[in-house]
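Right, one structure below, let's go through it.
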Amino acid sequence: MSRISTEEVARVAGLAHIALTPEEIERFAGELDVITTSVAKVSEVATPDVPATSHPIPLTNVWREDEVGETVDRDEVLAQAPESQDGMFLVPQILGED
Amino acid sequence: MKDILTKSALELADLLAAGTITSVELTQACLDRIEALNPKINAFLHVDREGALATAADVDARRAAGEKLHRLAGVPIALKDNMVVRGMPTTCASKILQGWLPPYDATITVKIRQAGLPIVGKTNMDEFAMGSSTEHSAFGPTLNPWDTARIPGGSGGGSAAAVAAFMVPLALGSDTGGSIRQPGSVTGTVGAKPTYGAVSRYGLVAMASSLDQIGPVTRTVADAAALTELIGGHDPADSTSLNEPVPPLVEAARVVAEKGAIEGLRVGVVKELSGEGYAPDVLTAFNETVEKLRDAGADIVEVSCPSFDYALAAYYLIMPAEVSSNLARFDGIRYGIRVEPTQGPVTAQRVMAATREAGFGDEVKRRIILGTHVLSAGFFDAYYGSAQKVRTLIQRDFARVFENVDVLVSPTAPTTAFKFGDKIDDPMAMYLNDIATIPANLAGVPAMSVPNAVSDEGLPVGFQIIAPAHGDQRMYEVAQLVETLSDDVVSQCPAAQWDEKSAQAGEVQEEK
């Protein structure tokens with residue numbers, strides 16, 4: 001398994017939408033490298049004959065009747081948003097992003 | 099300190115039912131102690147004095163009118179600050195959610211409200227439940243009431259410290275890799291993680307959904323049983339909620355407490371969780387309790403779970419992967435803070451990046467980035483896929499050993515409470531503190547920590563009991579037996595000697 005470089009931390013921070021400072025990128029690269037090296041030992045026992053388990057209990061789809069129930073209050077929800085307008089969340093510009 | 103604050107929740111419930119005290123008196127006593135001690139301990143991030151007293155007064159009135167109430171009605175409770183209560187600030191100890199007022203109640207909140215327990219406030223925690231020391235709170239660490247120079251465990255250090263310092267008899271925590279049990283161990287409190295799915299997670303701000311469980315933090319096993327009975331049960335709002343009845347945990351514990359033994363009990367000592375890496379005083383306390391169980395008639399056998407050696411590694415791949423997904427919701431759009439970039443265009447993507455940079459602390463960023471890395475193309479199979487295979491092996495280890503024993507036991511944490519700053523700059527050293535608690539989360543089996551001794555240094559030690567999935571009742575029976583066979587640890591906490599007046603005068607012992 002490859003090590004985590006500062007370039008990889010910067011790339012992943014971009015994917016995760018976190019605007020890290022150059023100092024943070026440098027620091028995290030060192031720390032994450034230690035962590036990933038330590039956790040790489042899982043490959044020692046993860047042989048092809050072992051099935052993967054994603055969840056502690058088997059998951060099945062859960063259905064309910066399509067009935068109107070209680071919902072959260074829209075005004076109360078929007079009151080917690082940084083900005084809202086006309087009963088909707090106000091979102092910064094999306095079109096024209098780089 | 100008022101005498102009533104030293105009593106267990108069930109003792110208080112009896113006094114309330116008998117009319118010896120009122121809920122208003124009890125709640126007021128808790129609030130007074132919180133007000134006096136919280137500046138020292140920082141166990142609470144928010145206190146709802148008016149709301150708690152209103153609930154208490156309502157319960158008193160209903161009881162006076164002869165209404166049949168829940169057994170715990172009128173007993174104050176605190177919630178870890180990642181459980182939502184409508185209209186009460188919920189921050190998850192993060193700047194990104196500072197000031198957020200949830201527009202709905204968690205399922206556990208609904209149950210607590212219906213049962214009439216005054217919610218006195220929200221307790222401190224590691225940010226978004228990421229940490230083992232409560233040093234990662236954006237609002238300052240919680241101090242351990244046993245020694246204020248030491249950590250109270252994490253991430254539920256606030257709930258554990260609040261209970262250990264007699265601020266409140268009951269609290270709730272959440273346990274993703276040990277965040278109820280490890281704080282329990284280092285603060286001398288009882289902490290339990292129920293079987294995965296036994297308690298609804300609806301309204302718990304998710305950290306790693308396949309691992310998180312809500313559970314009780316108390317001073318006695320019977321109190322933990324009573325609180326679990328209250329919050330447990332099927333919830334249609336949580337698709338992972340088990341559709342099965344809550345077992346009679348209080349009654350099971352009561353029977354064991356009376357008998358002082360469990361007929362035919364088979365106990366497995368996990369070799370991999372009780373040897374190298376564990377402090378001598380922790381192992382001494384553990385071995386002495388195992389011998390007490392043997393003397394009480396239990397059949398003790400050593401068992402080996404070789405896959406446990408890989409549990410920590412698997413956990414630190416699966417957990418951050420789920421963290422990176424769950425925390426994507428904090429985008430500066432729908433709730434919490436919004437930070438606009440200081441340079442360049444103000445676009446949604448750049449606002450999200452600036453908000454998350456300013457709002458998240460180091461540990462949260464570290465785990466999001468690690469999780470995004472292990473899930474990204476080219477790394478997925480090697481990291482996340484392999485970790486999921488280890489999960490299978492751990493489940494197989496549990497299944498194999500539980501064919502021959504009723505419960506597994508180990509020390510809850512490898513050391514007693516360490517000092518602030520000792521591990522904060524070394525993430526791997528911090529992560530190692532959860533080495534004994536993590537296997538239960540990966541397999542979804544119930545586990546709990548019971549205080550079983552006080553070390554030569556005067557610090558509490560915890561004893562962990564792990565049961566098969568759906569075996570919560572047997573776990574509580576063994577936990578009760580351990581408590582019955584152990585010294586009274588809780589009352590040895592220095593906080594038992596702290597009174598509110600000297601705390602306000604700044605005379606509370608700072609450190610040993």
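Going down the list, the sequences are from chains A and B. Note that the numbering used here has the first sequence beginning at 1, numbered continuously upward. Note that the numbering used here has the second sequence beginning at 99, numbered continuously upward. Ideal placement from N, C-alpha and C gives every residue a C-beta, glycine not left out.
- By the Cβ neighbour-count rule, Lys166(B) is exposed, with fewer than 16 other Cβ atoms within 10 Å of its own.
- Beta bridge pairing from DSSP links Ile175(B) with Ile217(B), Leu268(B).
- Judged by DSSP in its simplified three-state form, Asp524(B) adopts coil rather than helix or strand.
- Interface with chain B (9 Å Cβ-Cβ cutoff): Val68(A) is excluded.
- Taking CB atoms only, Glu31(A) has a neighbour in chain B less than 9 Å away.
- The CB of Gln80(A) comes closer than 9 Å to the CB of Gly197, Trp198, Leu199, Pro200, Pro201, Arg432, Tyr433, Gly434 in chain B, given here in chain order.
- Residue contact with chain A for Tyr529(B): present (Cβ-Cβ distance below 9 Å to some residue of chain A).
- In this structure, DSSP gives Met186(B) a state outside helix and strand, which the three-state scheme calls coil.
- Look at Gln93(A): its C-beta is under 9 Å from a C-beta on chain B.
- Below 8 Å, enough C-beta pairs join the segment 316 to 324 of chain B and the segment 571 to 588 of chain B to call them touching: three or more.
- The segment 504 to 522 of chain B and the segment 260 to 268 of chain B do not touch, with fewer than three beta-carbon pairs separated by less than 8 Å.
- Taking a contact as a CB-CB distance under 8 Å, the pair Arg465(B) and Met228(B) counts as one, their CB atoms being some 6 Å apart.
- Residues of chain A with a Cβ closer than 9 Å to the Cβ of Gly542(B) are, in chain order, His55, Pro56, Ile57.
- The beta carbon of Asp86(A) sits no closer than 9 Å to any beta carbon of chain B.
- By the rule that beta-carbons nearer than 9 Å mark a contact, Ala534(B) does not touch chain A.
- Identification of residues in the segment 11 to 35 of chain A having a C-beta nearer than 9 Å to some C-beta of chain B yields Arg11, Val12, Ala13, Gly14, Leu15, Ala16, His17, Ile18, Ala19, Leu20, Thr21, Glu24, Arg27, Phe28, Glu31, Leu32, Val34, Ile35, given in sequence order.
- If you check the CB distance, Pro509(B) and Gly286(B) do not come in under 9 Å.
- If you ignore the 5 residues before and after Ala13(A), its C-beta comes within less than 6 Å of the C-beta of Leu20, all in its own chain and listed in chain order.
- Nearest Cα to Leu506(B) within the set Ser553(B), Val380(B), Ile564(B), Tyr294(B): Ile564(B).
- For the segment 276 to 295 of chain B, the residues whose beta carbon sits under 7 Å from a beta carbon of chain A are, in order, Tyr294, Gly295.
- Membership of Gln562(B) in the beta strand (DSSP E) is indicated by the continuous run 558 to 564.
- For Glu76(A), the chain B residues whose C-beta falls within less than 7 Å of its own C-beta are Pro201, listed in chain order.
- Per DSSP, Ile536(B) is one residue of the alpha helix (DSSP H) stretching across 536 to 541.
- Annotation: Gly254(B) to Gln447(B) spans about 33 Å, alpha carbon to alpha carbon.
- In the three-state DSSP reduction, Asp156(B) falls in the helix class (H, G or I).
- Among the CB atoms of chain B, none fall inside 9 Å of the CB of Glu7(A).
- Apart from the 5 residues on each side of it in sequence, Ala383(B) sits with its Cβ closer than 8 Å to the Cβ of Pro509, Asn550, Ala551, Ser553, Val559, Phe561 in its chain, given in chain order.
- If you draw a straight line from the Cα of Thr445(B) to the Cα of Val173(B), it comes to about 49 Å.
- Three or more Cβ pairs drawn from the segment 292 to 304 of chain B and the segment 176 to 188 of chain B lie within less than 8 Å of each other, which places the two stretches in contact.
- Per DSSP, Lys138(B) lies in no beta strand (DSSP E); the unbroken alpha helix (DSSP H) holding it starts and ends at 121 to 139.
- Taking the Cβ atoms as the reference, Ile312(B) lies roughly 5 Å from Ser272(B), within the contact range of under 8 Å.
- In the DSSP assignment, the residues bridged to Met181(B) are Leu302(B).
- In the DSSP assignment, Phe142(B) falls within the beta strand (DSSP E) that extends over 142 to 145.
- According to DSSP, residue pairing for Pro250(B) in a beta bridge does not occur.
- With respect to chain B, the C-beta atom of Arg3(A) has no partner C-beta closer than 9 Å.
- DSSP places Phe28(A) in the helix class (H, G or I) of the three-state scheme.
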